[in-house]
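Asker:
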């Protein structure tokens, strides 16, 4: 998918005709202040941290494709900002909030000059894309449940699909790299990754508190988002081959599973199909469960 496929016409109506409240507008604006810059940080990490270090053609192709998707995400959220009429100054406004500036600084801080540093940078990339973006994803996607900001919700759905693929690819690359350099994986190495997980959750908690500082949002509390972040962080640790830290086994946001796990059955006469799955309705129930 590309940003031009997103229909934001109803979002503009929601925004200008006050279908969403001023508190909700401020909440969305706070999140969008950071979103484009977060994707810029993730994309830069691919170009600066990883692609120069890995020479295997297949790995470089994978990393290059991930970086390309981050460019699409940047343009999609920038288009949303511009379409809603947010001023250009919002692209730099995140610097005025320490909760946002600290988060971006942490996402970009890595040292890949050694094998150990490169492995840790890969682990951090899983938290960057698989945790740091997901609080914002959840907070924005919640509006779609109530028939609001549906174009924005579609961008989030597509972005989550991409980021989930990136997390899987980077997790597998991390484990393969560690298997090739087994001496890296000692207790201090694992401890450093667990510390990353703890730090990313702390940063997300502060950002969530900032987003909710102006009032409550229908259907989703700050505590709900914080519980979800702990749940998703545990999932990322498992993907890295490590043990969970927060021991949250069940997704506290059951509605999220329903939205994200359902196939996107697009009417191709009306919209361009973006679903990555092909022939998803073929076969039978017996083979589906075997």
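In my numbering, the protein residues as written are 831 to 1120. We treat Cβ as the ideally placed atom computed from N, Cα and C, and that holds for glycine.
Nearest to residue 909 by CA position, among 1005, 863, 1079, 877, is which residue?
Answerer: Taking the chain shown and counting its residues from 1, the one referred to as residue 909 is at position 79. That would be 863, whose Cα lies nearest to the Cα of residue 909.
Asker: What did DSSP end up calling residue 850 once you bin it into helix, strand or coil?
Answerer: As a position in the chain shown, residue 850 is number 20, starting the count at 1. Looking at residue 850 - three-state DSSP - the assignment turns out to be coil, as it is neither helix nor strand.
Asker: By DSSP's criteria, residue 1050 is part of a beta bridge. Which residues make up the other side?
Answerer: The residue labelled residue 1050 in the question sits at position 220 within the chain shown. 1047.
Asker: Helix, strand or coil for residue 827, going by three-state DSSP, please let me know.
Answerer: Not covered by the structure: residue 827. The range shown for the chain is 831 to 1120.
Asker: Is the beta carbon of residue 937 less than 8 Å from the beta carbon of residue 958?
Answerer: Indexing the chain shown from 1 puts residue 937 at position 107. Indexing the chain shown from 1 puts residue 958 at position 128. Against a cut-off of 8 Å, the Cβ pair of residue 958 and residue 937 comes out as a contact.
Asker: So, with DSSP's three-state summary, where would you put residue 1012?
Answerer: In the chain shown, residue 1012 corresponds to position 182, counting from 1. Helix at residue 1012.
Asker: Residue range of the alpha helix (DSSP H) that residue 881 falls in?
Answerer: Here residue 881 corresponds to residue number 51 of the chain shown, with the count starting at 1. Segment: none, residue 881 is in no alpha helix (DSSP H) and carries neither H nor E.
Asker: Assuming residue 1044 and residue 857 form a contact by the criterion Cβ under 8 Å, report the distance between their Cβ atoms to the nearest whole angstrom.
Answerer: If you number the chain shown from 1, residue 1044 lands on position 214. If you number the chain shown from 1, residue 857 lands on position 27. Correct: roughly 7 Å between the Cβ atoms.
Asker: Leaving out five residues before and five after residue 881 in sequence, what residues of the same chain have Cβ atoms less than 8 Å from its Cβ?
Answerer: Counting from one through the chain shown, the residue named residue 881 turns up at place 51. Excluding positions up to five away in sequence, the list reads 890, 893, 894, 897.
Asker: Quick check: the Cα distance between residue 836 and residue 986, rounded to an integer number of angstroms?
Answerer: Locating residue 836 in the chain shown gives position 6, where the first residue counts as 1. Locating residue 986 in the chain shown gives position 156, where the first residue counts as 1. Residue 836 and residue 986: Cα-Cα distance of roughly 11 Å.
Asker: Hey, which unbroken runs of the alpha helix (DSSP H) at 4 residues or more fall wholly within the region 931 to 1012?
Answerer: Runs of the alpha helix (DSSP H) inside the region 931 to 1012: 945 to 957, 964 to 971, 980 to 1010.
Asker: With a threshold of 7 Å on Cβ separation, who are the neighbours of residue 927 within its own chain once the five nearest residues in sequence on each side are excluded?
Answerer: Translated into the one-based positions of the chain shown, residue 927 becomes position 97. If we look at residue 927 and ignore the five residues flanking it on each side, its Cβ neighbours are 1040.
Asker: Would you say the region 1062 to 1073 touches the region 948 to 968, given that touching needs at least three Cβ pairs under 8 Å?
Answerer: The answer is yes - the region 948 to 968 touches the region 1062 to 1073, with three or more Cβ pairs under 8 Å.
Asker: Let's test the definition: count the other Cβ atoms within 10 Å of the Cβ of residue 1053 and tell me whether it reaches 16, buried, or not, exposed.
Answerer: On the chain shown, position 223 is the one that residue 1053 refers to. It counts as exposed.
Asker: For my contact list, residue 841 and residue 981 are in at a C-beta cut-off of 8 Å; report their separation, rounded to the angstrom.
Answerer: The residue given as residue 841 occupies position 11 in the chain shown. The residue given as residue 981 occupies position 151 in the chain shown. Contact holds; Cβ gap of about 4 Å.
Asker: Where residue 1090 and residue 972 are concerned, what is the direct C-alpha to C-alpha distance, given to the nearest angstrom?
Answerer: As a first step, residue 1090 is located in the chain shown; it is residue number 260 there, counting from the start. As a first step, residue 972 is located in the chain shown; it is residue number 142 there, counting from the start. Rounded to whole angstroms, residue 1090 to residue 972 spans 12 Å at the Cα level.
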